[in-house]
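Residue numbers (our numbering): 12 to 88.
Beneath this line is the structure, given in structure tokens, with notes to follow.
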């Protein structure tokens, strides 16, 4: 009988390690401090509000730069 290569042995070791890995993931997940529904909703609302404020700010900055560029181009042409 031929000896198994190190590659085959490694694959077998990996297959045997899968249940142990899954158990470790379950144990780690149980220790996570999950946010409450209210905390998640509050955070989501704050993200939407801040994103809207930043979008309006950058829109305003873009419009100012647009006016400056148009003015400078009108001096040339």
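The beta-carbon is built from N, C-alpha and C at its ideal position, and this holds for glycine as well.
Annotation: the continuous alpha helix (DSSP H) that includes residue 72 extends over 48-87. For residue 76 and residue 22, the gap between their C-alpha atoms comes out near 60 Å.
Residue 27 sits in a helix when the DSSP states are folded into three classes.
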